Amino acid sequence: MRASLAIITLIALPLSIHVWGSIDDTVREGSTIYLVPVYGQSLALGEEAQLTTDVDSLLKACDYRLLGVELNNNLGYFHQNGFLKQRLKLILRSKSRRFETSCYSLGAYLIESLRSHGDDSSYVCTFEAGHGATCIEDMSKGYFAYEKFMDQLQRISNVAKEKHCNVIIPAFCFVQGETNLTSSRDSDYRRMLSEFRQNLEQDIRRIFSDQKNLFAGRKSLACVLYQTSCLSIAEDGYNPLDYDSHVLNVPNAQRQLIMEDSTFVASCPVYQFNVVREYVHIDAKGQQSLGKYEGRAVADLLFANKKDIGFQLKDMSIDGSRIVLSFDIPEPPLSIDTSIVNKVANYGFSVVTSENKDILDRIEVRDSTIVLYCNKNVESGLKVRYGMNGDVWKSGRLHGPRGNICDSDTLSNYLYMFEVETKKHN
């Protein structure tokens, strides 16, 4: 196998050198390019998600204004081990490991949004970048995946300069967190992700220093952020009733950044999707849905000057044995979904004591609040959780950590996972 690969490489390398210059961009002189890359680990790269999008039909539907990293209509050719291998893969039109990613539906959503606002000429460029099975600290500034990403952005900037194009980067999408969660390298995730965004903004400002409206009228580069949900495959074990468990650290950090930092924008939690082998990677349909959520978030930034925060816990109060939860709801009223997401006990909520017991008896869902009824008076120090349940070594909407609460939007917003500690006020 290795010998065959070596022969293919020896044959293909001269070919790649010969046609290197023929991988030309197709953007028109003086045009506008909306650039929205998707960066992260395997979920960003579409690992295991079989390509189901008819790319030719997609390009035609988008009037060939949807561009990949080469600023042409070659979409989805990615190799995480180097730009040369990635271009070689493109030249040979290799279908090996060409996965479904959120980029396709993200790009299509933005093209349609541009049309609906009277723009029939601008381009949308989106592409996947990053490295699978990698912690955030190993794909940040100074590491291989990040530096390759910078090289790709520099090439786009160079073409834009040559063709006098306007480049607008309203946001990038960040899809990473699984490896930090499962390997217990999660205690400082919020700080690391915040620093990653800041470093990326600085480098993008440097690379595209000639652009006048780089962040679409915003002062800073926005990060469209999902929420990981693979709690049950943590390497050090999983027990939903473990009071001291760390597995919600990363999802909670992602939620908090969206709620408290103006530069982070919500796409969606991924527990609502099918997962290949019910392990880690969302399937092709899930990738397509994720792209729609990402596209909606970017379009809201561009055309409504609106920061999407998703469906989030807002406040909590205690009344005897009751806990009343209020929410930021994108499209009220609250709704219970058991058709897409398999029903789970108490629709995903739990109230865990320091003795590792769940004291939640039942819940009541109202239009804009949820009441948790416990079997004893609520004291300080209890952990109220949403989404920490499911079977060990399972992920996704069927048997993984999940919840059944969503809003009433056409593209439903599912409640982000959370963990908060009760504080009783005297």
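In the numbering used here, the protein residues as written are 119 to 544.
Cβ coordinates follow ideal geometry from the N, Cα and C atoms, glycine included.
All values reported here derive from a predicted model rather than from experimental measurement.
| query | result |
| --- | --- |
| Note down the Cα distance separating GLY148 from ASN284, rounded to an integer number of angstroms. | 7 angstroms |
| Of the choices TYR182, THR300, ASP446 and THR540, whose alpha-carbon is the least far from that of ILE243? | The amino acid at residue 243 is misidentified as Ile; the sequence shows Cys. Answer by Cα proximity: TYR182. |
| Please go through the stretch 352–397 and give each complete beta strand (DSSP E) segment of 3 or more residues, from N-terminal end onward. | 382–387 |
| Quick one: what does DSSP say ALA167 is sitting in, helix, strand or coil? | coil |
| So ARG503 is in the beta strand (DSSP E); what residue range does that whole segment cover? | 501–504 |
| In terms of DSSP beta bridges, what is PHE445 paired with? | LEU431 |
| Taking the C-alpha atoms as reference points, what is the distance between HIS543 and MET506? | 26 angstroms |
| Per DSSP, what kind of secondary structure is GLY335 in: helix, strand or coil? | coil |
| Drop a sphere of 10 angstroms on the beta-carbon of ILE458, count the other beta-carbons inside from all chains shown, and report buried for 16 or more, exposed for fewer. | exposed |
| Run through DSSP, which three-state label would GLN145 get? | The question names Gln, yet the displayed sequence has Val at residue 145. Residue state, collapsed to three classes: coil. |
| Quick one: Cα of ILE454 to Cα of ILE523, how far? | 5 angstroms |
| Please work out which residues of its chain come closer than 7 angstroms, Cβ to Cβ, to LYS259, disregarding the five sequence neighbours upstream and downstream, and give them in chain order. | ASN317 |
| Cβ of SER220 within 7 angstroms of Cβ of LEU408? | yes |
| Just the Cα atoms here: how many angstroms apart are CYS180 and ASP426? | 25 angstroms |
| Among the candidates HIS249, LEU161, ASP328 and LYS432, whose CA atom is the shortest distance from the CA of VAL277? | ASP328 |
| Can you tell me whether DSSP reads ASN284 as helix, strand or coil? | strand |
| Going by DSSP, which residues form a beta bridge with LEU452? | Bridge partners of LEU452: none, in fact. |
| What residues are listed by DSSP as bridge partners for LEU343? | PHE292 and ALA384 |
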